[in-house]
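Colleague: Structure in C-alpha cells, see below.
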Amino acid sequence: MTGAFGTLMVVLLQAAVGGAVWLWVTGVRHAARGGFILLSGVSLAVIAWVTWVLARAAIADAEAAAGQASPDPSVTAAAGAAGQRLLWALLVFAVLLTLWQVLVGVFDDRHRLTQALGVAGALAGLASLGFAAAARGTAVLLGVLELVAGSTFVGAALYGLLLGHWYLFQRRLDPIHMLHGAKAYAAGVVAGLAGLGLSSLNPPPEITTAASPLLTIPGFSVWLGAGLLGICALIAPFVWKLATEGGRSIQAATGYFYLALIMSLSAELASKFRFFH
Numbered sequence: 040m041t042g043a044f045g046t047l048m049v050v051l052l053q054a055a056v057g058g059a060v061w062l063w064v065t066g067v068r069h070a071a072r073g074g075f076i077l078l079s080g081v082s083l084a085v086i087a088w089v090t091w092v093l094a095r096a097a098i099a100d101a102e103a104a105a106g107q108a109s110p111d112p113s114v115t116a117a118a119g120a121a122g123q124r125l126l127w128a129l130l131v132f133a134v135l136l137t138l139w140q141v142l143v144g145v146f147d148d149r150h151r152l153t154q155a156l157g158v159a160g161a162l163a164g165l166a167s168l169g170f171a172a173a174a175r176g177t178a179v180l181l182g183v184l185e186l187v188a189g190s191t192f193v194g195a196a197l198y199g200l201l202l203g204h205w206y207l208f209q210r211r212l213d214p215i216h217m218l219h220g221a222k223a224y225a226a227g228v229v230a231g232l233a234g235l236g237l238s239s240l241n242p243p244p245e246i247t248t249a250a251s252p253l254l255t256i257p258g259f260s261v262w263l264g265a266g267l268l269g270i271c272a273l274i275a276p277f278v279w280k281l282a283t284e285g286g287r288s289i290q291a292a293t294g295y296f297y298l299a300l301i302m303s304l305s306a307e308l309a310s311k312f313r314f315f316h
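Counting from 40, one number per residue, gives the positions in the sequence shown under the numbering used here.
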C-alpha cells in the first residue's frame with residue numbers, strides 16, 4: 040500500500056482515533072452538554088468513513104500493482120489478507136462511531152448503552168491502528184508505535200479545536216477543560232516528535248523527479264516534518280496561557296487550535312510519507 044491514498048488514510052485514521060480517545064480520557068463529557076458529544080462524534084464518524092473510503096482506494100491500487108515482478112512488501116501485504124482485515128477494522132470503527140451518535144440522539148450522551156458504544160468505538164479505533172501497521176508488511180511493531188504517537192498528536196489538536204468551538208455555545212463551561220485540552224496538545228507535540236523519530240527509521244520510498252524533485256532529497260520529508268512540528272511546539276505555550284486566562288481568551292486559544300490542527304496534519308503527512316515503503 041503506497042501512494043497518496045495510503046498516506047492520507049493513516050493520517051485521517053490517526054485524527055479519528057486520537058480524537059475519540061482524547062474525548063473519553065479528558066473527562067469533559069461529564070461537564071459539557073450533550074451537543075458537544077454530538078458535535079465531536081459526528082465529526083469523528085465522518086473522518087472515519089472518509090478513512091475507510093481512502094483505504095479501499097489504496098488497497099485497490101495495491102491489488103493492481105501486486106502483479107509486478109518484485110512488488111513492494113507493503114503492496115503485497117495490502118493486496119492480501121492484511122488489507123482485507125484493515126478494511127473490516129475500519130468499517131467496524133466507522134459503524135460503531137455512527138451507531139454511537141444514533142444512540143446519543145435517541146437517548147442521551149450519558150445513557151449507559153450510549154457510553155458503552157462510544158467506548159467500544161474508541162477501542163475499535165485503537166485496534167485498527169494495529170491492522171493498519173500490519174498492512175505495510177514489515178516492522179509492524181514500529182508501525183503501531185508510529186500510529187499511536189501520531190494519533191496522540193493529531194487527535195489532541197482536533198479535540199482542542201472542537202472543544203474551543205463548544206465554548207461559544209456553553210459559555211459557562213469551566214475553562215479548566217480548555218486547559219486540559221492545552222495540556223493534551225502539549226503532550227501530543229511531544230508524541231509527534233517521537234513519532235517523527237520513529238518514522239526516520241523507515242527507508243524512504245522510491246520517488247521519481249517527475250513526482251517531486253524535493254522529495255528526492257535524502258531525508259527531506261523528515262526535515263519538513265521537523266519544521267512543521269517546530270511550529271506546533273511554538274503554538275503550545277500560547278494555547279496553554281490563553282486557556283489559563285479563560286473568558287474571551289478561550290476564543291483566541293481556539294484560533295490557535297485552528298493553526299495547530301493544520302500544522303499537525305501537515306507534519307503527519309510529511310512523517311507518514313515513509314510509513315508504507
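Note that the Cβ used here is the ideal one computed from N, Cα and C, for glycine as well.
DSSP state of residue 310, grouped into three classes?
Modeller: One-based indexing of the sequence shown puts residue 310 at position 271. Looking at residue 310 - three-state DSSP - the assignment turns out to be helix.
Colleague: Whole angstroms is fine: what's the gap from residue 174's alpha carbon to residue 49's?
Modeller: Here residue 174 corresponds to residue number 135 of the sequence shown, with the count starting at 1. Here residue 49 corresponds to residue number 10 of the sequence shown, with the count starting at 1. Each residue's Cα considered, the two are about 11 Å apart.
Colleague: Are residue 130 and residue 156 closer than 8 Å when you measure CB to CB?
Modeller: Position 91 of the sequence shown holds residue 130. Position 117 of the sequence shown holds residue 156. Cβ atoms of residue 130 and residue 156: not closer than 8 Å.
Colleague: Return the chain-ordered ranges of every alpha helix (DSSP H) run that is complete within the region 100-181 and spans a minimum of 4 residues.
Modeller: Runs of the alpha helix (DSSP H) inside the region 100-181: 112-118, 120-145, 151-173.
Colleague: Using the three-state DSSP reduction, which class does residue 65 fall into: helix, strand or coil?
Modeller: The residue you call residue 65 lines up with position 26 of the sequence shown. Coil at residue 65, not helix or strand.
Colleague: At the level of alpha carbons, what is the spacing between residue 195 and residue 227?
Modeller: Looking up residue 195 in the sequence shown gives position 156. Looking up residue 227 in the sequence shown gives position 188. Their Cα atoms are separated by approximately 6 Å.
Colleague: By Cβ distance below 6 Å, which residues in the same chain neighbour residue 75 in space, the five residues on each side in sequence not counted?
Modeller: Stepping through the sequence shown from its first residue, residue 75 is reached at position 36. Cβ neighbours of residue 75 beyond the five flanking positions: 205.
Colleague: In or out: residue 141 buried (at least 16 other Cβ within 10 Å) or exposed?
Modeller: Within the sequence shown, numbered from 1, the residue matching residue 141 stands at position 102. Answer is exposed; the Cβ neighbour count stays below 16.
Colleague: Of the choices 185, 125, 162, 201, whose alpha-carbon is the least far from that of residue 171?
Modeller: Residue numbering aside, residue 171 sits at position 132 when the sequence shown is read from its first letter. Ranking the options by Cα distance to residue 171, first place goes to 125.
Colleague: What does the alpha-carbon distance come out to for the pair residue 151 and residue 161?
Modeller: Working through the sequence shown from its first residue, we reach residue 151 at position 112. Working through the sequence shown from its first residue, we reach residue 161 at position 122. Using only the alpha carbons, I get a separation of about 15 Å.
Colleague: Residue 189 to residue 268, Cα distance in whole Å?
Modeller: Translated into positions along the sequence shown, residue 189 becomes position 150. Translated into positions along the sequence shown, residue 268 becomes position 229. When rounded, the distance between both Cα atoms is 12 Å.
Colleague: Throw me the rounded Cβ distance for the residue 283 and residue 218 pair, which I believe falls under 8 Å.
Modeller: If you number the sequence shown from 1, residue 283 lands on position 244. If you number the sequence shown from 1, residue 218 lands on position 179. Rounded, the Cβ-Cβ distance is 6 Å, consistent with contact.
Colleague: Let me know the secondary structure DSSP gives residue 249 once reduced to three states.
Modeller: As a position in the sequence shown, residue 249 is number 210, starting the count at 1. Summary for residue 249: the model assigns pLDDT 41, below 50, so the residue's position carries little reliability; its value from the coordinates is reported in the next sentence. Looking at residue 249 - three-state DSSP - the assignment turns out to be coil, as it is neither helix nor strand.
Colleague: What is the DSSP secondary structure of residue 267, reduced to helix, strand or coil?
Modeller: Start at 1 with the first residue of the sequence shown, and residue 267 comes out as number 228. Helix, per DSSP.
Colleague: Closest to residue 98 by CA distance: which of 115, 82, 83, 300 is it?
Modeller: Start at 1 with the first residue of the sequence shown, and residue 98 comes out as number 59. Selected option, being the one with the closest Cα: 115.
Colleague: Out of 92, 153, 148, state which residue places its alpha-carbon closest to the alpha-carbon of residue 127.
Modeller: Taking the first residue of the sequence shown as position 1, residue 127 is located at position 88. Nearest of 92, 153, 148 to residue 127, Cα basis: 92.
Colleague: Any idea what DSSP makes of residue 287, helix, strand or coil?
Modeller: Translated into positions along the sequence shown, residue 287 becomes position 248. Three-state DSSP puts residue 287 in coil, outside helix and strand.
Colleague: Which residue marks the beginning of the alpha helix (DSSP H) containing residue 233, and which one marks its end?
Modeller: Position 194 of the sequence shown, counted from the first residue, corresponds to residue 233. Per DSSP, residue 233 belongs to the alpha helix (DSSP H) from 215-238.
Colleague: Distance check for residue 296 and residue 277, CA to CA, integer angstroms please.
Modeller: Position 238 of the sequence shown, counting from 1, holds the residue named residue 277. Position 257 of the sequence shown, counting from 1, holds the residue named residue 296. Approximately 10 Å between the Cα atoms of the pair.
Colleague: For residue 69, count neighbouring C-beta atoms within 10 Å of its own C-beta (all shown protein chains included) and say buried if the count is 16 or more, exposed if not.
Modeller: Working through the sequence shown from its first residue, we reach residue 69 at position 30. Classification of residue 69: exposed, given that the 10 Å Cβ count is below 16.
Colleague: What did DSSP end up calling residue 258 once you bin it into helix, strand or coil?
Modeller: Residue mapping note: residue 258 aligns to position 219 of the sequence shown, counting from 1. Coil.
Colleague: Find the nearest neighbour of residue 67 within the set 185, 89, 307, 212, judged by alpha-carbon distance.
Modeller: By 1-based counting over the sequence shown, the position of residue 67 is 28. Comparing Cα positions, the closest option is 212.
Colleague: Examine chain D for any beta-carbon lying closer than 8 Å to the beta-carbon of residue 240, and answer yes or no.
Modeller: The chain inventory of the structure shown lacks chain D, comprising one protein chain alone.
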